[in-house]
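Enquirer:
Residue numbers (my numbering): 53 to 310.
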């Protein structure tokens with residue numbers, strides 16, 4: 053009887069490396085490399101310096117603002133935090149303010165009681181574990197109460213200039229709707245977007261896609277007549293094949309009074 057050939061450690065290692073989320077057969081982007089390049093080139097012309105729309109004055113207030121924005125609009129969060137950040141723009145000041153007074157500032161935001169509890173807890177953890185400074189790594193950021201992967205990615209990008217993709221409802225919708233990076237979960241979409249977005253456009257891609265989803269490719273009805281990638285778009289929902297004129301939009305104004 054011939055003994056079966058024993059697999060080498062190298063073969064075993066190679067096989068084990070093929071197992072896991074990245075090796076599963078996943079829906080591919082519907083776009084060629086050239087189309088992806090052109091898509092993000094147009095976004096870069098339209099908005100050369102896109103910005104997040106949450107008001108903040110430093111990394112700490114950004115963490116707080118993003119944590120408060122879960123299941124709430126940026127405009128609603130900004131309205132509540134304008135007064136808050138004037139009196140509590142550091143972890144220590146937030147602790148001194150206290151949970152009860154914090155609730156008074158943010159009571160117009162959904163789930164404000166639980167969010168107030170998290171903001172006080174994350175402020176305490178920042179002081180006790182990080183010397184009052186906001187950490188720069190995702191692994192450390194997600195240890196803060198109320199901070200998940202999406203919030204960590206936003207903070208890494210906006211506060212520290214680290215290219216990330218924070219998959220919110222807009223990005224999740226667009227990635228699937230236009231077949232840019234189809235996925236069943238935000239993590240799947242994030243992983244696939246990181247694969248398909250041209251590297252030179254990765255830093256701003258997060259904001260381009262969010263703003264595109266917020267103002268053009270809207271949830272209820274995409275406004276295809278205003279879309280600069282209408283001719284490239286492969287969404288079965290699109291109603292127009294003619295791209296909107298590719299012109300630079302006026303600079304974003306963040307922090308306007310409601």
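Just so you know, even glycine gets a beta-carbon here, dropped at the ideal spot from N, CA and C.
Got a sec, what are the start and stop residues for the alpha helix (DSSP H) residue 209 sits in?
Expert: From DSSP, the alpha helix (DSSP H) with residue 209 extends over 201-212.
Enquirer: Just the Cα atoms here: how many angstroms apart are residue 267 and residue 104?
Expert: Approximately 13 Å, taken between the alpha carbons.
Enquirer: So is residue 299 buried or exposed if we call it buried at 16+ other beta carbons inside 10 Å?
Expert: So residue 299 counts as exposed.
Enquirer: Quick check: the region 216-234 against the region 165-181, are at least 3 beta-carbon pairs closer than 8 Å?
Expert: No, because fewer than three Cβ pairs between the region 165-181 and the region 216-234 fall closer than 8 Å, the two stretches do not touch.
Enquirer: What is the C-beta distance between residue 250 and residue 98, in whole angstroms, given that I count them as a contact (C-beta under 8 Å)?
Expert: Contact flag wrong, Cβ pair sits at about 16 Å.
Enquirer: Quick check: the region 240-258 against the region 268-287, are at least 3 beta-carbon pairs closer than 8 Å?
Expert: No, because fewer than three Cβ pairs between the region 268-287 and the region 240-258 fall closer than 8 Å, the two stretches do not touch.
Enquirer: If I measure Cβ to Cβ from residue 224 and keep anything under 7 Å in the same chain, skipping five residues before and after, which residues do I get?
Expert: Excluding positions up to five away in sequence, the list reads 238, 241.
Enquirer: Is it buried or exposed for residue 113, if we count other Cβ within 10 angstroms and need 16 for buried?
Expert: It counts as buried.
Enquirer: Within the region 134-190, note down every full alpha helix (DSSP H) run reaching 4 residues or more, in order along the chain.
Expert: Runs found: 143-149, 151-158, 164-182.
Enquirer: May I have the straight-line CA-CA distance separating residue 144 from residue 199, to the nearest angstrom?
Expert: Distance between the alpha carbons of residue 144 and residue 199: 18 Å.
Enquirer: Can you tell me which of 166, 186, 156 puts its alpha carbon nearest to the alpha carbon of residue 132?
Expert: Among 166, 186, 156, the Cα nearest to that of residue 132 is on 156.
Enquirer: Could you please give the first and the last residue of the uninterrupted alpha helix (DSSP H) stretch that includes residue 254?
Expert: Note, residue 254: alpha helix (DSSP H), 254-267.
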